[in-house]
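Undergrad:
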Amino acid sequence: MLHNIELWLLIVCQFGTKGSSAAGKKSYPNQPKFKETIKWFYADINIGINYGQRLSSFYRAPQTGLYTFFMTCRDECELWLSSSNKPDDTKRVLFIPYGLSLDHNEWDRYPVQESSPINLIAGEFYFMQAIMKADENKYDHLGVGVRQPDGQNYRPISNEYLFVEIPEKRSASFRLVHSGAALHGHVMDTFATNSNTVCSLYCARDLNCKSYNYDKEEGNCELNDDLSAKNAQGLVPSENVDYYEKLDLYYPRL
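Counting in our numbering, the sequence shown tops out at residue 846, every number present.
1. How about L734 and S649: do their beta carbons lie closer than 9 Å?
2. Count the other CB atoms within 10 Å of the CB of K743; is the residue buried (16 or more) or exposed (fewer)?
3. Hey, I723 and E670: beta-carbon distance below 9 Å or not?
4. DSSP on E698, reduced to helix/strand/coil?
5. By alpha-carbon positions, which one of Q740, Y659 and Y643 ends up nearest to P709?
6. Per DSSP, what kind of secondary structure is G746 in: helix, strand or coil?
7. Where does Y753 sit, in a helix, a strand or coil, going by DSSP?
8. Figure out for me which residue from R652, D695, E752 and Q705 has the closest Cα to the Cα of N677.
9. Counting C-beta neighbours from all protein chains within 10 Å, is the total for Y634 16 or more, i.e. buried, or is it exposed?
10. Thinking C-beta only, is L694 closer than 9 Å to G657?
11. What did DSSP end up calling Q705 once you bin it into helix, strand or coil?
12. Could you spell out where the beta strand (DSSP E) holding L734 opens and where it closes?
13. According to DSSP, simplified to helix, strand and coil, what is Y643?
14. Sorted by chain position, which residues of the same chain lie with C-beta nearer than 7 Å to L692's C-beta, five sequence neighbours on each side aside?
15. Considering only C-alpha positions, which residue in the set Q645, Q655, A714 and G737 is nearest to E698?
16. Using 9 Å as the threshold, is the C-beta distance between K631 and N745 below it?
17. Assuming A714 and Q655 form a contact by the criterion Cβ under 8 Å, report the distance between their Cβ atoms to the nearest whole angstrom.
18. To which residues of the same chain is S675 closer than 7 Å at the C-beta, ignoring the five residues directly before and after it?
See below:
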């Protein structure tokens, strides 16, 4: 549950167009000088001068309702958000112009740092991209935060809601074997298609057959190995848990 950071040196960003651009820099957007996967939607402070960077991630909405996004940076930045899980379906929701001189972790000094309310659906993935240009000033930084429908602020957005790519969805047949206890090698919380068999879409990030404990309401997903099987009662309330035995597995074509 992470996201990517990319960095270009000695560029001049042109903001306002879809995906923005870096004037006169052939390496942008496909050849960054530096690329790394990080855990928060926040870049390090004081990286350097005269550079641009881009933070990209899929955001998984934990609740249905209105979200407000926040941004902080120095010297200039913008946030793009999709209305679906498609990266080419984005629109700009925030823009911080040059000259505001925001400090590290300063989220609400100016109204332009706060987006209009945006309706998102629980469990859906939305592509986010923050683009920033640092001049020759100190305290360069970039971060994105969010206020969820329940009023909880995450500034910056934490890794539990961020994905480098959308987890694979796999279809399989399952049989109910137990309720309210952690069983090794089983998957829970699927939907019935008849009295004995259910079909499941569950979290998976590789081509091996693995099972996960998943709580739809909380949006938590944990590999069901020996350790997580012991911890499953703490991960998901027992009254919300149904465990299914996997009968067969369908691998979608890549």
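The beta carbon of each residue, even a glycine, is placed where N, CA and C say it ideally should be.
TA: Concretely, from the data shown:
1. no
2. Strictly speaking, residue 743 in this sequence is Gly, with Lys absent from that position. That one is exposed.
3. yes
4. coil
5. Y659
6. A quick correction: the sequence has Tyr, not Gly, at residue 746. Note: Y746 maps to strand in three-state DSSP.
7. helix
8. R652
9. buried
10. no
11. helix
12. H733 to R739
13. strand
14. Y702
15. G737
16. no
17. 5 Å
18. D681
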